[in-house]
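Engineer: Adding 662 to a residue's 1-based position in the first sequence gives its number in this note's numbering. We put the CB at the ideal spot given by N, CA and C, even for glycine. Next up is a structure, given as structure tokens.
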Amino acid sequence: MDYKSTLNITHTDFPMKANLFQSELDRLKFWDEIGLYQKIREKNKGKVKYILHDGPPFANGDIHMGTALNKTLKDIIVKFMSLKGWDAPFVPGWDCHGMPIEHKIVEQLGDHIHQLSKVEIRQRCREYALNYVNRHIQQFKRLGVFGNFDNPYLTLSLDYESKIVEAFHDMLNQGFITRGVKPILWCTVCHSALAEAEVEYASHESTAITVAFQVKKVPPNSLKKTPLEFLKILIWTTTPWTLPANLGICLNPKFVYVTVKVNSNIYIVAKSLLNSVAQTCQWSDYQILEEITGSEMEYAVCRHPFLEKDVLVMVGDHVTADTGTGCVHTAPGHGREDFEAGLKYHLPIYSPVTENGVYDSTVEKYHGLSIWEANEKIIEQLRLTGNLLFKDKLVHSYPHCWRCKNPVIFRSTTQWFIQIEKHELRNRCLEAIRQVQWHPTWGQERISNMVQGRSDWCISRQRTWGVPITIIYCQTCEQPVIDKQLTENILTLIKNRGVDAWFDIESKDLLPLNYVHTCGGTQFKKENDILDVWFESGISHLAVLKMRSELQWPADLYLEGGDQYRGWFQSSLWIAVALMGQAPYHSVLTHGWVLDAHGRAMHKSAGNVINPMEIVEKFGADILRLWVSAQDYTEDVSFGYEMLERISEAYRRIRNTFRFMMGNLYDFEPVHHEIKDENQLEALDQWALLEMGQLLLRITEYYEAWNFTKIFHEIEFFCAVQLSARYFDILKDRLYTFEKDSLSRRSAQTALYRILKTLVIIIAPILSFTAEEIWGKLPESFKMAPSVFLTNWPSTDSMELLSHVVVKDEWENLFLLKEEISKSIEHLRKDKIIGSSLQAEVFIFCKEDQWNQLLEKHFQNLSSYFLVSQVTLSREVPPADDVKSTLIPKISLRVRKTEHQKCARCWNYFSSVGTNLDFSDLCDRCIPIVQKHSRLEK
RNA sequence: GGGCCUAUAGCUCAGUUGGUUAGAGCGCACCCCUGAUAAGGGUGAGGUGACUGGUUCGACUCCAGUUAGGCCCA
């Protein structure tokens, strides 16, 4: 007879196979329909705010793995805080201005660009940026990210732009912002400044020369054995045309230099480069006179090789010993490192080259001559003065203009700067850094070093797509006009018409009527430059946190990749400390880079780039989210398909665990069946609920500590070991074969019901789609809200009672013993004596009181806990030859095949099977149930 | 070249202040079950702790260096 119909077999329409890609779309639709984000806002209205301020990604291209990691981490935190009862709004943002977008548009337009006005070009850029903002929004939503996507913050919005202009003028008026000069990449053919991304490196032939600078003066006590009158420092350069702008020579402070006698001359070169210099200059015979370190030569003075001026000897770590002489010709107006050295030694940033690449009047000798033509003349001049030691052609990689393909130069131009030392700004930033919680803690050291070491922040860019630097100059004296009314007019203009208005308006329309500058000038012009985009994003805390009523300043948390120590963390900090006197964040959390399976960075050229949307399509967003949670994101994280397989396995295990619980609760009505008094629950169910409660406590802590990896492992362990292997396996007998409405079965269901409801909420911040899918499948009587995200974090009320009733050590011991029994049974199985463990009968020999107390306490249930036919306890010493050894020293075990018959209904091997003549294939536990069942059928 | 970071089983991670035989889950192998079934259970095999040297009675843990990799600079 088939007794299956008399069992309580699981039933659920929650599918085992997730088919995430499709089912996630249904969840998205559901969230959209009920307006979930707004509902969460309403639910937590009035609660304490928790502000995670989103750093704006650049509105270009599709999102990459790093963006996916970043937004998912933020989303997990925001969802957890919301469930925990904080008012945690999330306003996503985008960085919309900047060179890459402008570059794309300029490329698209080609020559047509000359027919368009600045405002028209800007309109194209705006459309381009907005298009990508929309793409990003779709992609973030697809990842399951919750936020105010209907009203994000955009750096190109009118509100935001006017806040940028306002902040700029605030800082200008407080003296933080000033003009200065700085060398930048410059194309002398296009007459324009270039960004690093706008140069192409190509092969170029230069003339490399070795030049001698006569030493005039050395620091006291530096050189003792070398006569000064013949002493020269040798430099090597591939840009002879920069020699007129030379103001110094840099040595490496740590290098050892030598003075070398060659015929009647004495030269200084780095010791390690002496051989190569001697070879290059073809010295047949030379003699080392003395050694000296670079730092000992600091502040020596040399004579320029062909101009009437002295130049300074400096030291810098940028000086290398791979080529040249170890002594570096330094023209602060024509190179980045030269510029830095010039600033350090207070040299002028001298750049005597005009925008079309000819010398200005300060270089009398070559005035009006192109720098390319001057190269030969300068070499000739050096030869005449006897300071040219060697000349050669050198083919090397050199920057060229991306548009006209001509070689570019470094040339100094007037730029706007934030003065790092003004009003103690640097020190105040360093102090503000100490007030912030940095995670990981080394972040504090990292950003402090950067803040400590950086030079003035150049905030001007010679581009079109950005927020203009709203300054008016007097054409007579070339000075910026500082006037209160002017500033107000500018701010009003921008607030009303946006920054595009700046490009249309005449400067006289902004100035008071008949304005005369202090110098007497009456003609004015507008600044053409725009602001660095880092300045724009750096004011987001002012433009967003301070301006939106649902947010607040400062933020509780900034969470970005480690590259933002240099970027947004810092730009935001400088501006906040300057204008607000403190950091714009209480805490900063950073994550690492997403690398490929081999730990290499993802690059298009390496062909190892993985697109997160592809992963979503193939595996589902929840798999990606689970992957995020499994990683220790404080370091770089690897992404590979083996790992994704592991993650999918874990996902299936978690999903099936839920499926089992749901399948066994099909006939459970909480109002009627839930056992409210924990004391009435069966011991095993009490244990399971205590485990659940303790897990809840730990997981809550881990969420609060942003330690999602631990959550992943805990959840996986709980599902695989605590529930599936331990609890459910024992429970099946009770759930399937006991009378439907028996107290024992309802006890098990009560536990499952509570575990299910707790677990579904605590996985929701990570497995958002699956949690919502489960929630949707729960009977209405199980839940008090339409979405899992509108519930509250589970309570731990029952914990106290349970922790008194349940002795965890007892259970750990029981499970340990079960493991030992399994090992013993494994031998019988290997010998083909039994198959299922239910066929085994166990004898436990133990003389130890504590163990016996424990075993006797649970004696009624031991066979069900151990999944065996029968357990016999004995205090006697077992016969030595018949005993399986065990890891528990005080206990010996003996297992053998049972002699009992298998009950056809519950599959247990009980002594009662076969004793009833009417039901010869059933045990005495099943008989009344079958009888009742058949009565009901009649 | 500089600042900061990383290196523990095939994968993801644990490892209290240096102290027995370095743990877990997954995967893998073998077995069982067939009433969670493209599921479930059991057992087992996997680690020169990147490498080298030092401190120590004792080092995965502390120190130095090397190698490989990452971010940001230069």
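(1) By a C-beta neighbour count over all protein chains shown, 10 Å radius and 16 as the cutoff for buried, is H1203 buried or exposed?
(2) Taking the C-alpha atoms as reference points, what is the distance between I1495 and T1560?
(3) At what residue ranges does the stretch 1220-1245 contain a whole run of the alpha helix (DSSP H), taking only runs of 4 or more?
(4) Give the range of the alpha helix (DSSP H) segment to which H1375 is assigned.
(5) Look at the alpha carbon of S938 and the alpha carbon of P1130, and state the distance between them as a whole number of angstroms.
(6) Would you give the residue range spanned by the beta strand (DSSP E) that P1061 belongs to?
(7) Quick check: the stretch 1016-1031 against the stretch 840-850, are at least 3 beta-carbon pairs closer than 8 Å?
(8) Inspect the beta-carbon positions of C964 and V975 and report whether they are closer than 8 Å.
(9) Excluding the 5 residues preceding and the 5 following I1425 in the sequence, name in chain order all residues of the same chain whose CB lies nearer than 8 Å to its CB.
(10) Which first and last residues belong to the alpha helix (DSSP H) in which F692 is found?
(11) Exposed or buried, which one is A1387 when buried takes at least 16 other CB atoms within 10 Å?
(12) Let's see if you can read the secondary structure: which residues bound the alpha helix (DSSP H) around R1556?
(13) When we look at the beta-carbon of E764 and count the other beta-carbons within 10 Å, is it buried (16 or more) or exposed?
(14) Look at the Cβ atom of F676, then the Cβ atom of I1436, and state whether they are nearer than 8 Å.
(15) Given a cut-off of 8 Å on the beta-carbon distance, is the pair K886 and E952 in contact?
(16) I need the DSSP call for P994, collapsed to helix, strand or coil.
(17) When you compare only the Cα positions, how much space is there between T900 and A907?
(18) Which runs of the alpha helix (DSSP H), 4 residues or longer, sit entirely within the stretch 1389-1444?
(19) Which runs of the alpha helix (DSSP H) at least 4 residues long sit entirely within the stretch 985-1029? Give them in chain order.
(20) Which word fits G1261, buried or exposed, when buried means at least 16 other C-beta atoms lie within 10 angstroms of its C-beta?
(21) Do you know how far the Cα of T1138 is from the Cα of G772?
(22) Using the rule of at least 16 other Cβ atoms within 10 Å of the residue's Cβ for burial, across every protein chain shown, is P614 buried or exposed?
(23) Tell me the rounded alpha-carbon separation between L778 and L1009.
(24) Cα separation between K780 and W1127?
(25) Got a sec? Which residues, its chain only, sit under 7 Å from Q876 by beta carbon, not counting five neighbours each side?
(26) Give the range of the beta strand (DSSP E) segment to which N1111 is assigned.
(27) Please state whether the Cβ-Cβ distance between I1041 and P902 is less than 8 Å.
(28) Please say whether P1427 and F742 have beta carbons closer to each other than 8 Å?
(29) So, are the CB atoms of T1252 and G1224 less than 8 Å apart?
(30) Using the beta-carbon count (16 or more within 10 Å), is A680 buried or exposed?
(31) If we call anything under 8 Å between Cβ atoms a contact, is V753 one with G809?
(32) Kindly indicate the opening and closing residues of the beta strand (DSSP E) around H1248.
(33) Express the C-alpha separation of L1463 and R1556 in angstroms, rounding to a whole number.
(34) Hey, would you say V1467 sits closer than 8 Å to N1326, going by beta carbons?
(35) Mark K879 as exposed unless 16 or more other C-beta atoms lie within 10 angstroms of its C-beta, in which case mark it buried.
(36) Taking contact to mean at least 3 C-beta pairs separated by less than 8 Å, is the stretch 1526-1535 in contact with the stretch 1488-1503?
Structural biologist: Looking at the atomic coordinates:
(1) Position 541 of the first sequence, counted from the first residue, corresponds to residue 1203. Looking at its Cβ environment, which holds 16 or more other Cβ atoms inside 10 Å, H1203 is buried.
(2) The residue you call residue 1495 lines up with position 833 of the first sequence. The residue you call residue 1560 lines up with position 898 of the first sequence. Each residue's Cα considered, the two are about 10 Å apart.
(3) For the alpha helix (DSSP H) assignment, the uninterrupted runs of no fewer than 4 residues enclosed by the stretch 1220-1245 are, from N- to C-terminal side, 1230-1242.
(4) Counting from one through the first sequence, the residue named residue 1375 turns up at place 713. First-last of the alpha helix (DSSP H) with H1375: F1370 to F1379.
(5) Within the first sequence, the letter at position 276 stands for residue 938. Within the first sequence, the letter at position 468 stands for residue 1130. When rounded, the distance between both Cα atoms is 51 Å.
(6) Along the first sequence, one-based indexing puts residue 1061 at 399. Residues L1050 to C1063.
(7) The stretch 840-850 is in contact with the stretch 1016-1031.
(8) Mapped onto the first sequence, residue 964 falls at position 302. Mapped onto the first sequence, residue 975 falls at position 313. Going by C-beta atoms, C964 is nearer than 8 Å to V975.
(9) Locating residue 1425 in the first sequence gives position 763, counting from the first residue. Counting only Cβ-Cβ distances below 8 Å, and skipping sequence neighbours, we find I1316, I1377, T1432 and A1433.
(10) On the first sequence, position 30 is the one that residue 692 refers to. In this chain, the alpha helix (DSSP H) harbouring F692 covers L682 to I696.
(11) For this step, residue 1387 is matched to residue 725 along the first sequence. A1387 should be labelled exposed.
(12) What you label residue 1556 is simply residue 894 of the first sequence in a count that begins at 1. Premise fails: R1556 lies in the beta strand (DSSP E), I1553 to K1559, not in any alpha helix (DSSP H).
(13) Here residue 764 refers to the residue found at position 102 when the first sequence is read from its first residue. By the 10 Å Cβ count, E764 comes out buried.
(14) Along the first sequence, one-based indexing puts residue 676 at 14. Along the first sequence, one-based indexing puts residue 1436 at 774. Their beta carbons are under 8 Å apart, which means F676 touches I1436 by this criterion.
(15) What you label residue 886 is simply residue 224 of the first sequence in a count that begins at 1. What you label residue 952 is simply residue 290 of the first sequence in a count that begins at 1. Yes. Within cutoff.
(16) Position 332 of the first sequence, counting from 1, holds the residue named residue 994. Three-state result, P994: coil.
(17) The count along the first sequence starts at 1 and reaches residue 900 at position 238. The count along the first sequence starts at 1 and reaches residue 907 at position 245. Those two C-alpha atoms are separated by around 14 Å.
(18) Counting whole runs of 4 or more residues, the stretch 1389-1444 contains the alpha helix (DSSP H) stretches 1391-1399, 1405-1425 and 1430-1439.
(19) 998-1006, all fully within the stretch 985-1029.
(20) Stepping through the first sequence from its first residue, residue 1261 is reached at position 599. So G1261 counts as exposed.
(21) Locating residue 772 in the first sequence gives position 110, where the first residue counts as 1. Locating residue 1138 in the first sequence gives position 476, where the first residue counts as 1. A direct Cα-Cα distance of roughly 37 Å separates G772 from T1138.
(22) Past the boundaries of the shown model lies residue 614; the chain is included only from 663 to 1600, so the question cannot be answered.
(23) Within the first sequence, residue 778 is the residue found at index 116, counting from 1. Within the first sequence, residue 1009 is the residue found at index 347, counting from 1. Distance between L778 and L1009, taken at the CA atoms: about 42 Å.
(24) Position 118 of the first sequence holds residue 780. Position 465 of the first sequence holds residue 1127. Here the alpha carbon of K780 sits roughly 9 Å from the alpha carbon of W1127.
(25) Here residue 876 corresponds to residue number 214 of the first sequence, with the count starting at 1. Result list for Q876: K894, C964 and R965, in chain order.
(26) By 1-based counting over the first sequence, the position of residue 1111 is 449. Per DSSP, N1111 lies in no beta strand (DSSP E) segment; the continuous alpha helix (DSSP H) that holds it begins and ends at W1104 to G1115.
(27) Working through the first sequence from its first residue, we reach residue 1041 at position 379. Working through the first sequence from its first residue, we reach residue 902 at position 240. Yes; because the gap between Cβ atoms is below 8 Å, this pair is in contact.
(28) Residue numbering aside, residue 742 sits at position 80 when the first sequence is read from its first letter. Residue numbering aside, residue 1427 sits at position 765 when the first sequence is read from its first letter. Contact flag set, yes.
(29) Locating residue 1252 in the first sequence gives position 590, counting from the first residue. Locating residue 1224 in the first sequence gives position 562, counting from the first residue. The Cβ-Cβ distance between T1252 and G1224 falls below 8 Å.
(30) Counting from 1 along the first sequence, the entry for residue 680 is found at position 18. Buried is the call here.
(31) Taking the first residue of the first sequence as position 1, residue 753 is located at position 91. Taking the first residue of the first sequence as position 1, residue 809 is located at position 147. Taking 8 Å as the Cβ cut-off, V753 and G809 qualify as a contacting pair.
(32) Taking the first sequence and counting its residues from 1, the one referred to as residue 1248 is at position 586. For H1248, the enclosing beta strand (DSSP E) starts and ends at Y1247 to H1253.
(33) For this step, residue 1556 is matched to residue 894 along the first sequence. For this step, residue 1463 is matched to residue 801 along the first sequence. If I take the Cα positions, the gap works out to 37 Å.
(34) Reading the first sequence from its first residue, position 805 is the one you call residue 1467. Reading the first sequence from its first residue, position 664 is the one you call residue 1326. The answer is no: Cβ separation not under 8 Å.
(35) In the first sequence, counting from the first residue as 1, residue 879 sits at position 217. K879 comes out exposed.
(36) The stretch 1526-1535, when compared against the stretch 1488-1503, does touch it at the 8 Å Cβ threshold.
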